[in-house]
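Beneath this line is the structure, given in C-alpha cells, with notes to follow.
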Amino acid sequence: MAILTEGIHTAGFLISEAKGMYRSRDQVTVAGGASPGLVAGTILGKLTSGGNFVRYTPGASDGSQTVAGILFEGVVGTAKRTVVSRDAQVVGAHLTYSAGADAAAIATANAALATLGIIVR
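With the working numbering, letter number 35 in the sequence shown gets 104, and the count goes up by one each step, no holes.
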C-alpha cells in the first residue's frame, strides 16, 4: 500500500481569529518566488520598496526583517493573497519560520507576532 503525505492546508495553522467579517485578515500582494513558492503558515515581512509581502528574513534591511503577518494560503510567483495580520491565535508547530531558524529566532518571531495581536500557541 502506498504511503500518502498530506501537505499543508490553507489556514491549517489558524486556531481562532477576531469576531467579525474577516477582521484579522488583509488582501495583499505576496511575492512567493518560483515553485514550490510559499506555503500557508509562512511568516511574512513587507518590503519597503514596492510594498510586496515576502518571507520574513531576520537580518535583512529591505523591510522583510519586520514581521507583518502570516500567509493564509500558499502562493507561487507574485499574486494577491490573504494574510492574517492581526488579532488571531495560531499553532506554532504549523508555522514556517525563516530558513535555519533556531529557538531564539523562533521566539523573536513569535514576540513580533504578539505585537500584531497574533498569539502563538
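Beta carbons are placed, not taken as given, at the ideal position from N, Cα and C, and that holds for glycine. Just so we're clear, the structure is a prediction, and the values are computed from it rather than from any experiment.
The C-alpha of ALA137 lies about 43 Å from the C-alpha of MET70. A straight line joining the alpha-carbon of VAL145 with that of LEU113 spans about 14 Å. A check of alpha carbon separations from TYR91 across ALA183, SER154, ALA168, GLY76 identifies SER154 as the nearest. Per the C-alpha coordinates, the member of THR74, GLU75, THR177, ILE187 positioned closest to PRO127 is THR177.
Considering only THR165, PHE122, ASP156, the residue with the shortest C-alpha distance to VAL97 is PHE122. Under DSSP, PHE122 forms a beta bridge with VAL99, LYS115. Per DSSP, ILE175 is one residue of the alpha helix (DSSP H) stretching across 172 to 184.
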